[in-house]
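Here is the structure we will look at, set down as C-alpha cells.
Number of protein chains: 2
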Amino acid sequence: FLERIKLLFIPICLQMLHESIFPHTFLQILEYKSQNVSTADVFFPSSSFFFPSSDLLPAMDGDTKTMTFLQEVVDILLAYIVESFDRETKVIDFHYPNELLQMNNWELQDEPATLDDILISCRATLKYAIKTAHPRYFNQLSTGLDMVGLAADWLTSTANTNMFTYEVAPVFVLLEYVSLKKMREIIGWPDGRGDGIFSPGGAISNMYAMLLARFKMFPEVKEKGMSSVPRLVAFTSEHSHFSIKKGAAALGIGTESVISLGFVLVQGFVPFFVSATAGTTVYGAFDPLIAISDICKKYNIWMHVDGAWGGSLLMSRRHRWKLDGVERANSVTWNPHKMMSVPLQCSALLVREEGLMQNCNQMHACYLFQQDKHYDLSYDTGDKALQCGRHVDIFKLWLMWRAKGTIGFEAQIDKCLELSEYLYNKIKDREGYEMVFDGKPQHTNVCFWYLPPGIRYMEDKEEKKKHLHKVAPVIKARMMEYGTTMVSYQPQGDKVNFFRMVISNPAATFQDIDFLIEEIERLGQDL
Amino acid sequence: FLERIKLLFIPICLQMLHESIFPHTFLQILEYKSQNVSTADVFFPSSSFFFPSSDLLPAMDGDTKTMTFLQEVVDILLAYIVESFDRETKVIDFHYPNELLQMNNWELQDEPATLDDILISCRATLKYAIKTAHPRYFNQLSTGLDMVGLAADWLTSTANTNMFTYEVAPVFVLLEYVSLKKMREIIGWPDGRGDGIFSPGGAISNMYAMLLARFKMFPEVKEKGMSSVPRLVAFTSEHSHFSIKKGAAALGIGTESVISLGFVLVQGFVPFFVSATAGTTVYGAFDPLIAISDICKKYNIWMHVDGAWGGSLLMSRRHRWKLDGVERANSVTWNPHKMMSVPLQCSALLVREEGLMQNCNQMHACYLFQQDKHYDLSYDTGDKALQCGRHVDIFKLWLMWRAKGTIGFEAQIDKCLELSEYLYNKIKDREGYEMVFDGKPQHTNVCFWYLPPGIRYMEDKEEKKKHLHKVAPVIKARMMEYGTTMVSYQPQGDKVNFFRMVISNPAATFQDIDFLIEEIERLGQDL
Numbered sequence: 007f008l009e010r011i012k013l014l015f016i017p018i019c020l021q022m023l024h025e026s027i028f029p030h031t032f033l034q035i036l037e038y039k040s041q042n043v044s045t046a047d048v049f050f051p052s053s054s055f056f057f058p059s060s061d062l063l064p065a066m067d068g069d070t071k072t073m074t075f076l077q078e079v080v081d082i083l084l085a086y087i088v089e090s091f092d093r094e095t096k097v098i099d100f101h102y103p104n105e106l107l108q109m110n111n112w113e114l115q116d117e118p119a120t121l122d123d124i125l126i127s128c129r130a131t132l133k134y135a136i137k138t139a140h141p142r143y144f145n146q147l148s149t150g151l152d153m154v155g156l157a158a159d160w161l162t163s164t165a166n167t168n169m170f171t172y173e174v175a176p177v178f179v180l181l182e183y184v185s186l187k188k189m190r191e192i193i194g195w196p197d198g199r200g201d202g203i204f205s206p207g208g209a210i211s212n213m214y215a216m217l218l219a220r221f222k223m224f225p226e227v228k229e230k231g232m233s234s235v236p237r238l239v240a241f242t243s244e245h246s247h248f249s250i251k252k253g254a255a256a257l258g259i260g261t262e263s264v265i266s267l268g269f270v271l272v273q274g275f276v277p278f279f280v281s282a283t284a285g286t287t288v289y290g291a292f293d294p295l296i297a298i299s300d301i302c303k304k305y306n307i308w309m310h311v312d313g314a315w316g317g318s319l320l321m322s323r324r325h326r327w328k329l330d331g332v333e334r335a336n337s338v339t340w341n342p343h344k345m346m347s348v349p350l351q352c353s354a355l356l357v358r359e360e361g362l363m364q365n366c367n368q369m370h371a372c373y374l375f376q377q378d379k380h381y382d383l384s385y386d387t388g389d390k391a392l393q394c395g396r397h398v399d400i401f402k403l404w405l406m407w408r409a410k411g412t413i414g415f416e417a418q419i420d421k422c423l424e425l426s427e428y429l430y431n432k433i434k435d436r437e438g439y440e441m442v443f444d445g446k447p448q449h450t451n452v453c454f455w456y457l458p459p460g461i462r463y464m465e466d467k468e469e470k471k472k473h474l475h476k477v478a479p480v481i482k483a484r485m486m487e488y489g490t491t492m493v494s495y496q497p498q499g500d501k502v503n504f505f506r507m508v509i510s511n512p513a514a515t516f517q518d519i520d521f522l523i524e525e526i527e528r529l530g531q532d533l
Numbered sequence: 007f008l009e010r011i012k013l014l015f016i017p018i019c020l021q022m023l024h025e026s027i028f029p030h031t032f033l034q035i036l037e038y039k040s041q042n043v044s045t046a047d048v049f050f051p052s053s054s055f056f057f058p059s060s061d062l063l064p065a066m067d068g069d070t071k072t073m074t075f076l077q078e079v080v081d082i083l084l085a086y087i088v089e090s091f092d093r094e095t096k097v098i099d100f101h102y103p104n105e106l107l108q109m110n111n112w113e114l115q116d117e118p119a120t121l122d123d124i125l126i127s128c129r130a131t132l133k134y135a136i137k138t139a140h141p142r143y144f145n146q147l148s149t150g151l152d153m154v155g156l157a158a159d160w161l162t163s164t165a166n167t168n169m170f171t172y173e174v175a176p177v178f179v180l181l182e183y184v185s186l187k188k189m190r191e192i193i194g195w196p197d198g199r200g201d202g203i204f205s206p207g208g209a210i211s212n213m214y215a216m217l218l219a220r221f222k223m224f225p226e227v228k229e230k231g232m233s234s235v236p237r238l239v240a241f242t243s244e245h246s247h248f249s250i251k252k253g254a255a256a257l258g259i260g261t262e263s264v265i266s267l268g269f270v271l272v273q274g275f276v277p278f279f280v281s282a283t284a285g286t287t288v289y290g291a292f293d294p295l296i297a298i299s300d301i302c303k304k305y306n307i308w309m310h311v312d313g314a315w316g317g318s319l320l321m322s323r324r325h326r327w328k329l330d331g332v333e334r335a336n337s338v339t340w341n342p343h344k345m346m347s348v349p350l351q352c353s354a355l356l357v358r359e360e361g362l363m364q365n366c367n368q369m370h371a372c373y374l375f376q377q378d379k380h381y382d383l384s385y386d387t388g389d390k391a392l393q394c395g396r397h398v399d400i401f402k403l404w405l406m407w408r409a410k411g412t413i414g415f416e417a418q419i420d421k422c423l424e425l426s427e428y429l430y431n432k433i434k435d436r437e438g439y440e441m442v443f444d445g446k447p448q449h450t451n452v453c454f455w456y457l458p459p460g461i462r463y464m465e466d467k468e469e470k471k472k473h474l475h476k477v478a479p480v481i482k483a484r485m486m487e488y489g490t491t492m493v494s495y496q497p498q499g500d501k502v503n504f505f506r507m508v509i510s511n512p513a514a515t516f517q518d519i520d521f522l523i524e525e526i527e528r529l530g531q532d533l
C-alpha cells in the first residue's frame, strides 16, 4: 500500500511543488492518514498531555514558586561571581572530555526533573566551567566579566526579543541606532553618518563587509551570482584573521583568491576588497591604514578594517593613533566583547555608505517588513543582515557605556595596555625568555618563548627547536591541570610553539602578571 | 611634513604588506611619532586614567556594592516577569520612534553615570519593551518566556564564554554534543549519528546547509570559488523562508537560481540543493518530505529540510507524522527558540554526514585549534562553522529539556496546536471572517481576514478588496496603541493583508484566544 502511495505521489508532488504545497490535496491527506501511527514512539515512553511540575508560569501558579526558583539560581550565580574574582579559586577544574561525560548525568531524559535537580545541574555546570572572569585567565581575546554588562545581559534575556523590527524591539533598535552612530563618530565619519549592524561575531562582520564590497562593485551578483562577474580577488595582511578566507570560501570567491602576501595585480582578476587588520589576532599588529587607503582609493577598491581586536583602541587618546586612517575605510569591524569586556557576543560592523546594507541584503519579507506599518520604517533594520532573527547584543554595550562613560572605557583599555607593557619590560631581557617579534607590542599581545634551563644552552639549533616546540603545550596542559592560570600558545609559520599572552580583563593587576611568569617557570623548569 | 611621510610611505607600505606588517619598521615608528597628537580629543573632554565608581570588581571592593547592585537589577527583572504574565498589563507601551527617542536620555556620554542612573535606565528600557512573555502576545513565531530557560540564560551570561573549543567551554561543548545527538535520534538517523551545530538563527542554519550541499558536490569551490563549478540551481517550496534566497545571494549563486515554483531542469544548470519546508512561516504548511526525498535521491541532490518552525513537531507523537521522511534529509534546520519556547536564540543545524562540516568550513586557525593539545580534539567544534566566536546557545535548551523531559515539550507543543485548532474552529464559520486557505491548519498558523460590518456586504469586489487590504494594518496599529494584544498581518501574492495568528506561548489559554477575537472585532468594527 505504501509503495502504491509513493508511485501515485511523485508526479502529483511535482504538481504540488509547482502550485505551492498548501492547501491540502487529496493525496496529502491520504498520506497523512496512512502514516498516522508514528515511528517515533521509542522517544516517548509515557502518555501525552502531562504537564511537568517544573513548567513555571507566574500567571498560573502565583509567584512564590517561580520567584523562589529564580532567586535560588541568582544566589548560585552571585556565589560563582565572587568565587570567579578570587585568586585563591582555580581558573578551571579540568577534566578530559570522556571523564567529564562520566562525572555527571548529562543525558536528556523523557521524564521531567525536579527543580532541585535543576539547581544541581546549574551548580555542576558552573563547577566545571572556565572562570573567564578570573584575574588570571588570559586565554582568549575576550576575558573578564563586567558587572553592569552582566546585569544588562540578564535584562536582555528577560526581555527575550528579536532585533528584526522596531515593532518587537523598540528600545533596543533605538539603542543600536544611538550606539552605532556614536561608534561612527569615534571612527571619524562626518557627523557619525553611515550605517551598521551588530552581528554574531567578528567573522560574520567581516563576511558581511566582503559581501557589501562585492555588491557595491557588481550589484547584479545578488540576482545572477558569481557567473555574472569577473574573477575577483581580495587582499589582506599576512597575519589577518582566518575569517577573511572563510568569508571568501562561503561567498563563492574561493580561498585562493585571497592574497595575503601583498598587492599583486593578477591578470584577469578584479580586486574588489582589501581587509586591513587593526590588531592581528596573534601579534596584535596594526596595518598602516593611511597608506592602504591611498592604494584602495587609487584602484577603487573597498577598504575594510578588521578592528575586531584593535578597534577598541579608538576609545583611547593614548593609543588611537595606531588606527589613523580608519576614517578612510568603507567598513570597520569592531568587537566590544573583546577589549571593552562587554559580555559575549557583541560585534559591530560599521559601514560608511548609507543604504548599501539594505540594498545588498534585503529580500522584503512581507511577514516582517510590511510597508503599511504605522511608524517610520527606517527603524526596521532586520533586512540589513543575512540573518532573519537577530539576538539583542546592544543593551550590554549601551548600559556599560552609560556606566563607565567613554572615559571609563578609555581608562580600562589604557590599563590593559600598561599591563602588557609591564610584562614586555619584565621578560624582554630576562633569562630564559625570547621574544617572538622585536619591539614593544602595539596591542596587549606579548608573544614569547620560555626556554627551560635544560634546553636553554643546547647547541644543536634543530634539536633545541624541536624541544622548544613541546614546551608551551606541556606548560599549558599543566596550567589547566593545576587550574592556576590559562594563557594561549601556538606555532606560526616556521616559528615553533610560543606563548601568546593577551590582556583584556580589567581585573588583572601587575601582581597577576608577576604570577604568570612565576607559574610558567614553576611548571616548566623540569622540561 | 605629513605629505612627505605619505610620499615615503606608500612604496614602503607595499613592501611591508609583502613582508607582513610586523615587526615595526622605521617608517611605521616615524609615522606613529608624527601623529601622536590624536585628532580624537573631541570625544574625550576630561583626563585619562580615571576609574568611574561604577567599575564594580568584586575582588577589589569586597562584594557588598556589587552584590547589592546585581540584586537590585534582579528585583527589577522579577517584577517585570510577574507583570509580563499578568493579563491586566499592557503587552506594549507603544511610542513612535521619534517620540521614544525624546522620552528618555538614551545618548551615550563621556562621563560615567551613577549606579542609580543605571537602575533607572534598566527600568526605562523595560517600560518600553514588548512583553514577549505576555499570554496575549502572538506577534512572532517566538513568544513566551520559560522560567528554566531564562535561568539558564542568566547562567550562560555569567559563565561568559565561547563555544569554539572544549578548552574554554568544556561543559557547554559536551551539552551541545549530547543535545545534537538526541535531536538526530529524534529525526531518525541511525544511533543519532551525524553532525551539527547551533548557529545564530534559522537563516544562518539554512545558509550553512546550502554551503555544505555545494561543498559536497564540488569540494573545489572552497579554494577556487564559483568559477570552478557549473551554474548551480536550488529548489525550494513557493512559501519557503526568504533566507534561502539570502543564502543564495551571499554564496554567489544568485537569487535567480533559486527556483521556487517547481522542479524544472534548466539546460546547463546543475541542481545541487532542495530546501523543503517543514512549517512555512506564514501558512505553517509542510512539504511532502518522502516524495521530495525520492526526487533528491534520483537526481543526487542534497535534501535540506527547513524545519526552523515545524521541526519541533518531531517532539509530538500526535503531530510528528507531518515530518515523515525527515530522516531521509541530508540536513535539517530546527529552531528550539520557536515552538519550544527556548529563549532567543537557539537554532540547530543537524547534518547526516559526519565530518563534512569540518571539511567544508575549517581553516585550521593555529591560535585556537592547536593540534598538540592534551585532550581529544574532536571536541574543538569551532571550525565547523563560518563563525569564529560562537555564543553559548545550548544551555537554555539543555536545562529546559532536563526540566520538562521530552514529554514536557510534547505536552507544550500539543497544547499550542490545540489552541490553534480552537481558534480555527471558532472563526471558520463565524460571520465576518474568511480563512486564507482551506482546511485545518497543519501547524499553529491560522491565517484569516476579518471583514468589518461596513465592508462585509460590499458588492464591488475590487473596492471590497481595496478596503479589506487596509483593515489589518489599522487594527494592528490600534492593538499596539491600546497595548492589549499583538498579532501579525501581511499580504501574500494576490491576497490582500490578512492576519497570521501563531501560537507558541505555553502561557496562552482558550480565554486568550477568545479575547483576541473580541479585540479584533472591537478595534475593527468601525472600519
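As you go down the protein sequences, you meet chains W and D in turn.
Residues in the first sequence are numbered consecutively from 7, following this note's numbering.
Residues in the second sequence are numbered consecutively from 7, following this note's numbering.
Think of the CB as a built atom: it goes at the ideal place given N, C-alpha and C, for glycine as much as any other residue.
- Lys467(W) counts as exposed, since fewer than 16 other C-beta atoms from the protein chains shown sit within 10 angstroms of its C-beta.
- Ranking Gly331(W), Lys476(W), Arg436(W) and Val508(W) by CA distance to the CA of Gly530(W) puts Lys476(W) first.
- At a beta-carbon threshold of 8 Å, the residues of chain W lying near Asp382(D) are Tyr102, Pro103 and Asn104, ordered along the chain.
- Contact annotation, Leu329(D) with Gly316(D): C-beta distance approximately 7 Å; criterion of less than 8 Å satisfied.
- Chain D has no Cβ within less than 8 Å of the Cβ of Ala215(W).
- Here the C-alpha atom of Glu229(D) lies approximately 33 Å from the C-alpha atom of Leu474(W).
- Taking the Cβ atoms as the reference, Thr450(W) lies roughly 4 Å from Ser426(W), within the contact range of under 8 Å.
- Going by beta carbons, Thr283(D) and His245(D) fall inside the 8 Å limit.
- Excluding five sequence positions before and after Gly438(W), the CB atoms of its chain that fall closer than 8 Å to its own CB belong to Tyr456, Leu457, Pro458, Pro459, Arg462 and Glu527, given in chain order.
- By the Cβ-count criterion, Ser384(W) is exposed, with fewer than 16 other Cβ atoms from all chains shown falling within 10 Å of its own Cβ.
- Listed by position along chain W, the residues whose Cβ is nearer than 8 Å to that of Trp455(D) form an empty set, because the closest Cβ is around 15 Å away.
- Chain D has no Cβ within less than 8 Å of the Cβ of Cys352(W).
- Think of a sphere of 7 Å around the beta carbon of Ile203(W): no beta carbon from chain D falls inside it, the nearest being about 12 Å out.
- At least one beta carbon of chain W lies nearer than 8 Å to the beta carbon of Asn367(D).
- By DSSP's assignment, Gln498(W) forms a beta bridge with Lys501(W).
- Taking the C-beta atoms as reference points, Val357(D) is found nearer than 8 Å to Leu218(D).
- Under the criterion of beta carbons closer than 8 Å, Leu405(W) and Val154(W) qualify as touching, at roughly 6 Å.
- Rounded to whole angstroms, the gap between the alpha carbons of Ile265(W) and Met492(W) is 34 Å.
- In this chain, Cys453(D) is not harboured by any alpha helix (DSSP H); it is covered by the beta strand (DSSP E) spanning Val452 to Tyr456.
- Taking a contact to require three or more Cβ pairs closer than 8 Å, the segment 365-385 of chain W and the segment 169-180 of chain W qualify as touching.
- Contact between the segment 240-260 of chain W and the segment 208-226 of chain W is present: 3 or more CB-CB pairs across the two stretches fall below 8 Å.
- Remark: fewer than three beta-carbon pairs, one from each stretch, lie closer than 8 Å, so the segment 368-384 of chain W and the segment 330-346 of chain D are not flagged as touching.
- With a cut-off of 8 Å on Cβ pairs, the segment 349-367 of chain W is in contact with the segment 192-206 of chain W, counting three or more such pairs.
- Counting along the chain, the unbroken alpha helix (DSSP H) around Leu132(W) starts and ends at Leu121 to Lys133.
- Any Cβ of chain D closer than 8 Å to the Cβ of Cys128(W) would place that residue at the interface, and such an atom is present.
- A residue is called buried when at least 16 other Cβ atoms come within 10 angstroms of its Cβ; Asn341(D) meets this threshold and is buried.
- Listed along chain D are Ala135, Ile136, Thr138, Gln146, Ser148 and Leu350, each with a C-beta nearer than 9 Å to that of Thr167(W).
- In the three-state scheme derived from DSSP, where H, G and I count as helix and E and B as strand, Ala314(W) is classed as coil.
- Ranking Ser318(W), Trp308(W), Ala130(W) and Leu151(W) by CA distance to the CA of Phe91(W) puts Leu151(W) first.
- Scanning its chain for C-beta atoms nearer than 8 Å, with the 5 sequence neighbours on each side dropped, one finds around Glu226(D) the residues Ser234 and Val235, in chain order.
- The DSSP assignment places complete alpha helix (DSSP H) segments of no fewer than 4 residues inside the segment 390-445 of chain W at 400-433, in order along the chain.
- By the Cβ test, the segment 511-519 of chain W is in contact with the segment 136-150 of chain W, since at least three Cβ pairs between them sit closer than 8 Å.
- Taking C-beta atoms as the reference points, Ser318(D) and Met346(D) count as a pair closer than 8 Å.
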